[in-house]
Each structure stands twice: as C-alpha cells, then as structure tokens.
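This report refers to the structure that appears directly beneath it.
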Amino acid sequence: MNLHEYQAKQLLAQYGVEVPGGQPCTTANEARSIAEKLFTEGHDMVVVKIQIHSGGRGKGVFKDGFKGGVHLCKSAEDVYEKATSMLGKTIVTKQTGETGRQVNTLLIASAEKILSEFYLAVLLDRESSQPLIMASCEGGVDIEEVAETNPNAIIKLQVDPLLGLKPYQARNLAKALGLSGKMIQSAAKLISGIYKTWWECDASMVEINPLCIVENPDGTKKMSAVDAKISIDGNALYRHKNIAEMRDLNEEAELEVEASKYDLNYIKLDGNVACLVNGAGLAMATMDAIKHFGGDPANFLDVGGGATKEQVTAAFQIILKDPNVKAILVNIFGGIMNCNTIAEGVVAAAAETQLSLPLVVRLEGNNVEAGRKTLSESGITLITADSLADAAKKVVSEATV
Amino acid sequence: MAILVNSDTKVLVQGITGSFGGRHTQLSLEYGSQIVAGVTPGKSGQVFEDKVPIFDNVTEAAKESGATASAIFVPPPFAADAILEAVDAGLELVVAITEGIPVRDMIEVKAALRGSPTRLIGPNCPGVVTPGTGENSHGGCRIGIAPGYIHKKGDIGVVSRSGTLTYEAVWQLTSNGLGQSTCVGIGGDPVPGSTHLDIIKLFNEDPETRGIIMIGEIGGSAEEEAAAWIKENCNKPIAGFIAGTTAPPGRRMGHAGAIVSGGKGTAEAKISAMEDAGISVAETPSQMAEALIKIL
C-alpha cells in the first residue's frame, strides 16, 4: 500500500526524523491559514505540493492547462490562488497515464533553503533476505539513472535484521556521504530514524529523495527529509491500524477496489482480451500466452484456489465493466478446486450478466467431465479449448474479428 | 530416492484443526502419506479423524510420533512463530503453506534459520509431492495442497514459485507419460525459505532425477542466480518457463514477490539468463513438458 508524501512524513516524524514544517489540507482557505502560520514562524517561502501517488508531480500539467503540481509561494495569498487552481482539478504526469489523477489534498510546507542534496532508501534485499540501505550524494535525481550511469555513486549497507542498524553504522554511512563535523552525528540520528520507520511500520520501501542539508532562518544548519515516499507491506496492515486508515481509495482504480471486496486479485490493463484464471502464476502465464498469439490482455485476474460461484460471478461483472473488453478467456486448472464449481459459476455469471461477448473456456483437472457437461448443457454460447495455447489462440482471434 | 521426502517420511501438521489444514490433511491421508501427528495448542489428547493424535506443541508431537517433517497451515499472524517452533524442535523439513505472512516476520525467520539444519520450503507455496507407485501415484508423500492424482512416479524433478503452474507442468508431464521424482513449490513470497538454486542442487545430486523443469516468474533474481550455477555445475537437461512477460512494472501480480521494481526482476532478464545457461525455455506455458522432452 502506497502512502502520500504527507502521510510518510507524519510517520517519519514519529520516529524522530526531521521533516519540513507543514500540514495537509483539502481547501484553499485551509491552505492560506497554514501558509500564514508558516510565514509568521519566520519562513520566507512556502511550497504547495499536490498529494497524489505519482512521481513527476512538479512537471505535471493539469487538464485545464495549469502547469505544475508543486509551487513556491512568497505570500499566503499566492498559496490561496495556487491551491484554488489545483484542488479538485485533474493532473497528468509521466506516471499517471492520460486519464490523470484528481487532486484532493495539498501539502503546505516551509520551503527549505537547501544547501546540498542526498538520496537515501531502505528496502528489502531479496538476494540476502536482509534490509538494505541505499544512499547517494546525488540526491534529487532519478536513482535508477544513477545506478545505470554511475553505479559507484551508490553506497549500499546491509543490516543484520536481528541486531538492527547500529549507531556506528549510521555514522559511517554519513561519513561515506561526505559529511563531516557535527553533521555526522545529526545525519546518523536521521538515518537511524528512517531505518526504524522502515522496520517498525512494516514498510516495503522508504525513500527519501532528496535528503537535504538545509539552512534554518537563524543561519544554523540541519538535515531534513525534504521529500519522502513510503509503501507498506499489505500483509502487515493488520498490526498497524493507524497506517491501514491512511489508505486512499481515490488513488486506486475503481475496478480494483471493487475486486478487492470479493477477495479477487484484479489488475486492469489496456488490452481487449479479458481473462479469469485460478492462481497468480497461471494468471500471469495466461496473459503472456494471449500476448504471444498476438492479442493484448485487458486484465490480470486471479480468483484464487478456492473460488466460489459468487466470486466467479463477481469476477465476470468486474471484467464486463471494462468497456475495452472484446472477448473473455476462462482458464482454470482445477487441482483441488472442483471444475464443476467453476463451470456452474461461469453459467450463472453468463446468465446474470446477459453475456454477449465471445467466451473461450479451458477447463482441466478435478471433476473436469462434470464441468464440461455443465457448460455444454447450459445453452450458453461458448468456445471450448484443449490447452492454454489453444485457448489463447482462439480468444485472440475472437477479439480481433 | 527422490528429494526431501519419500513414502516413508513421517509428517506432522501444524494447524491441523483449522478447516484448510484439516481438509488437506484428509487429502494427504487419502493419498497414502504418513501423517502421524497434528499440533494445535490446547487441544492435546484429541484425535483428528480417528487417526491422527493431536499435541500441544511440536516438540511433543515429534517425540511421540517420530515425525521429521512439518506442514504449516497456521494463519499468517502466527505462522512465523509456528515455523520457528518447528525449527526449534529440530525437524528436518518444514513446509509452510500459509499465504500472507508479513515480510518482516520472514526476514526474522530467515535470519534465525542461518546455521540451522532445518530446511524451510515456502511460505505461500503448494508444498512438496513425491509421487507413489500406486494408482494415480497413490502411496507417495504429499505435504501441502497440491492435487495428488495428477502425479506419476518417475524421474523428472519440478521446482516452481507458482502453484497452478506447477500443476500445469506436472499434468503435461504425466499426460506425456513422464513421471516425476519430486515436485517442489518454493512459493511466491519475496523471502522464501528455499530458492530455485537450493532445490536444483538437490535434484542435481539425486540419481533418480534425470531431467528438471524450473518455473519462475517476475521479481527478484533467484532464477538468474540458479541459471548462473546451472551453467557451471549442472549437466542434467533442464527446461524452464518464466511467467510475467506482460506484467506492468511496479505492480504486484498476485504473489507478494511477483513485482518488477526499479527495472529489476523482469521476465526478459530471467529468460535470457536461463537460455544462456543452456536451459530450454518454453515459449508458452503449454509447452513446458515439450521443451523438456526435446532435450531429454
């Protein structure tokens, strides 16, 4: 589950990580009063940032032509105006796709005077099954690009999960980033807080980009997490009620939210061949087979190992809400699952949804004869297939007619 | 001979009184596997289906029944603890079926396992099957949730991150008259107890395994690591398949570990590493057995 920047910063602050002062808001009036407060505190510049789950916010363009989702403002009035131009409007960034994303929340924060920028992230190193801290002096840039062009600029530190990150390791990392004097201690404290956030919140990833040395209004210096991105392990949300409440359904595709209510694993894609499969691996492989035979999958859909008739019906209804879909492939390998249960589900769903699209069904496994009989006696029009390849070929040809 | 388990392996089930664990214990008993004990804290003295005695903890269950392997069907919040309990009891093999264990719990389990003689398979996996010699492979050892009847005793090893794709491969092999030595589902999580490479090494040393099917999917680099080892060390014919060529980057495809992130873990990279190691990679999932038969 992804968090908004302001939510990520709230979590980080709880673990003692310095973040720029500010607050989220949903109206322009609130934006103005938060800004007024920041100016009174002595900040001479305030930043207004849209809160959507997407990178490239600064360079995004709103559908009405207004440019940029991040703005620096010198007065509370300016903050009010920018907020009015962005709230409720839809922005398109390099990551949102053409449909864009509606802006419902803004973060109003003090614009820090940045002296230098770094990159720092904590994630799982899958090779060693240990936490990994990645850091670089090249902050504020695309880290994947740095990894490509200048891999030596990335410092990696593996952490023993049973010991946790030790203070000396954090100090050494700070030194490796080129820091000196008092900044070493101050950066080490911040790095420890970031690691602790990752570990204790069950995060999949915490990314601070940029992590900055900033100058306070009184001329002193400090380290601050100027931007932050956190994603949380969905399987651990049961032990973090406060974080689970941060889920923003507006950021998720409507059909995916609908599918999750039925415990269906659905991901919408751009093609026109829908598929309904049991098992995640087989569902991916089915999409691949559709592509292999010249088609384009409309979705990933795993109904799981013990799907009921109700789930299959719900799955059909969700598939059919996607207007791009031209044909449907049902691919079930009934290991333990009874093929006849699936067949009954398909028949019920086809009747209930008055299905008019071509339907290709490949059933194999447990009680397959009864399943095939249920399908053939149902009176619904469908095309049967012997193997996954055969099914994929047939559904692609139906979709391209 | 097979690997990990055979028809003599004595198995205990943690979470035997849950509906999922109970159902699959029943199916394993029907398959002819030696399920000798169950563990559910607080229920010692009870007997599962008039056959399997239940104990309060793994140590007692193992001591009384002689079990050397465990199947774990415990719900996600308690599963890591169940694994550690089985490790502490000194079992040789622990197969964790549970899906949805938090990654942090598995990081801890993995760290605790270093230096331990216990082998962990899974979590989030269909388990392990060594087919028997009876009708529909009856009499073999089935730990987990795989359908027993699709198997056939033979000399092909199967290792996979996906359940249904394993069944698909086994079905293709059996339909083509090729039996299996052992089929191992290593699971779809980002922190697995055993990797492709761990299992491939066992197959490589097993005199009764003649060929191998290795099934992977997007995410991580376990397939690449296995391929690099295979290139230098394995002379047995291997066919493979990688799922997820069409998966959009940054999205988790059902399995917690099936995600392309930061340009890493793509199907293309895995397929190319496997081909480079001389593995016969099937173009579609329908051709997994075919890809192996070609090189046997």
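Heads up: the protein sequence lines correspond to chains U and A, in order. Using my numbering, you'd call the opening residue of the first sequence number 1 and step up by one each time. Using my numbering, you'd call the opening residue of the second sequence number 1001 and step up by one each time. Note that CB positions come from ideal geometry on N, CA and C, so glycine has one too.
Return the chain-ordered list of same chain residues with a C-beta closer than 7 Å to the C-beta of residue i, the five sequence neighbours on each side being excluded.
i       : result
D64(U)  : K89
S186(U) : K222, M223
G140(U) : E117, N209, P210
Tell me which residues share the same chain as residue i and place their Cβ nearer than 8 Å to its Cβ, disregarding the 5 neighbours each side in the sequence.
i        : result
E5(U)    : K49, Q51, L107, D227, A228, K229
A1067(A) : K1010, V1011, L1012, V1036, A1037, A1061, L1091
H43(U)   : G21, S110, A111, P217
P1041(A) : D1056, N1057
N366(U)  : G334, G335, I336, M337, N338, C339
G56(U)   : T93, K94, Q95
If you count every other CB in all the chains shown that lies within 10 Å of the CB of residue i, and 16 or more means buried, which is it?
i        : result
D1276(A) : exposed
R239(U)  : exposed
E364(U)  : buried
G1263(A) : exposed
A351(U)  : exposed
E398(U)  : buried
N152(U)  : exposed
I1295(A) : exposed
S1019(A) : exposed
Y262(U)  : buried
L1173(A) : buried
S204(U)  : buried
Q354(U)  : exposed
Do you know whose CA, among the options, lies nearest residue i's CA?
i        : options                                : result
E1108(A) : G334(U), S129(U), F118(U), E251(U)     : S129(U)
I1300(A) : G279(U), G58(U), K373(U)               : Look at the range of chain A in this structure, 1001 to 1296, and you will see that residue 1300(A) is not part of it.
S136(U)  : L162(U), I191(U), K59(U), A244(U)      : I191(U)
E1168(A) : L282(U), I114(U), T374(U), L249(U)     : L282(U)
D202(U)  : Q1287(A), A1243(A), P1102(A)           : P1102(A)
G1177(A) : L1292(A), G1240(A), C1234(A)           : L1292(A)
A35(U)   : V19(U), G16(U), G181(U), C73(U)        : C73(U)
G980(A)  : A1227(A), N1136(A), M1253(A), K1153(A) : Because chain A is modelled from 1001 through 1296, residue 980(A) falls outside the range shown and cannot be assessed.
Q158(U)  : L124(U), V19(U), Q185(U), V146(U)      : L124(U)
F66(U)   : I91(U), V47(U), G55(U), S54(U)         : I91(U)
E127(U)  : R1210(A), S1181(A), G1193(A)           : G1193(A)
D1105(A) : D1198(A), E1232(A), D1050(A), A1079(A) : A1079(A)
E1232(A) : I1200(A), R1251(A), I1218(A), R1119(A) : I1200(A)
F1203(A) : T1266(A), G1220(A), V1159(A)           : V1159(A)
D390(U)  : T1246(A), S1286(A), E1290(A)           : S1286(A)
G345(U)  : K326(U), K309(U), L359(U), A327(U)     : K309(U)
L255(U)  : L11(U), K241(U), D322(U)               : D322(U)
T105(U)  : I133(U), L87(U), F118(U), W199(U)      : L87(U)
L276(U)  : K291(U), N150(U), I342(U)              : I342(U)
L402(U)  : N150(U), V361(U), L320(U), T286(U)     : No answer is possible for residue 402(U): it lies beyond the span of chain U, which begins at 1 and ends at 401.
F62(U)   : E77(U), T84(U), M45(U)                 : T84(U)
Just to confirm, are residue i and residue j a CB contact at a threshold of 9 Å?
i        : j        : result
H1196(A) : R1161(A) : yes
A1273(A) : E1224(A) : yes
I336(U)  : G305(U)  : yes
N340(U)  : D270(U)  : no
A1071(A) : G1148(A) : no
A176(U)  : K189(U)  : no
I293(U)  : V214(U)  : One detail in the question is off: residue 293(U) reads as Phe in this sequence, not Ile. Against a cut-off of 9 Å, the Cβ pair of V214(U) and F293(U) comes out as no contact.
A315(U)  : V17(U)   : no
G1032(A) : G1132(A) : yes
W1171(A) : I1186(A) : no
I133(U)  : L165(U)  : yes
V273(U)  : D296(U)  : yes
I1259(A) : R1251(A) : yes
Can you find the residues in the same chain that come closer than 6 Å, C-beta to C-beta, to residue i, ignoring five residues on each side of it along the sequence?
i        : result
I1230(A) : A1277
L1029(A) : I1035
A1227(A) : A1273, M1274, A1277
L1165(A) : I1215
Does any residue of chain D have a CB that is nearer than 9 Å to the CB of residue i?
i       : result
I290(U) : Within the model displayed, chain D is absent; protein chains U and A are what it includes.
Note down, in chain order, every chain U residue with its Cβ under 8 Å from the Cβ of residue i.
i        : result
H1255(A) : A280, G281
L1165(A) : G279, G281, L282, A285
W1229(A) : Per Cβ cutoff of 8 Å: no residues; W1229(A) is ~13 Å from chain U at best.
In chain U, which residues lie with their C-beta within 9 Å of the C-beta of residue i?
i        : result
V1095(A) : Near V1095(A) there are no residues of chain U at all, since even the closest Cβ is about 16 Å away, more than 9 Å.
G1244(A) : G281, M284, A285, M287, D288
Using a C-beta to C-beta distance shorter than 7 Å, which residues of chain U count as neighbours of residue i?
i        : result
K989(A)  : This structure leaves residue 989(A) out entirely; chain A is present only between 1001 and 1296.
G1262(A) : E144
Quick one: list the residues of chain A neighbouring residue i, beta-carbon separation under 9 Å, in chain order.
i       : result
N250(U) : Within chain A, no residue comes near N250(U); the closest Cβ sits about 18 Å away, beyond 9 Å.
Show which residues of chain A have a CB atom less than 8 Å away from the CB atom of residue i.
i       : result
Y6(U)   : Neighbours of Y6(U) on chain A: none; closest Cβ ~21 Å, over 8 Å.
L388(U) : E1168, T1284, P1285, S1286
S54(U)  : Here the premise fails: no neighbours, minimum Cβ distance about 11 Å.
If the cut is a Cβ gap below 7 Å, which residues of chain A does residue i touch?
i       : result
A236(U) : P1102, R1104
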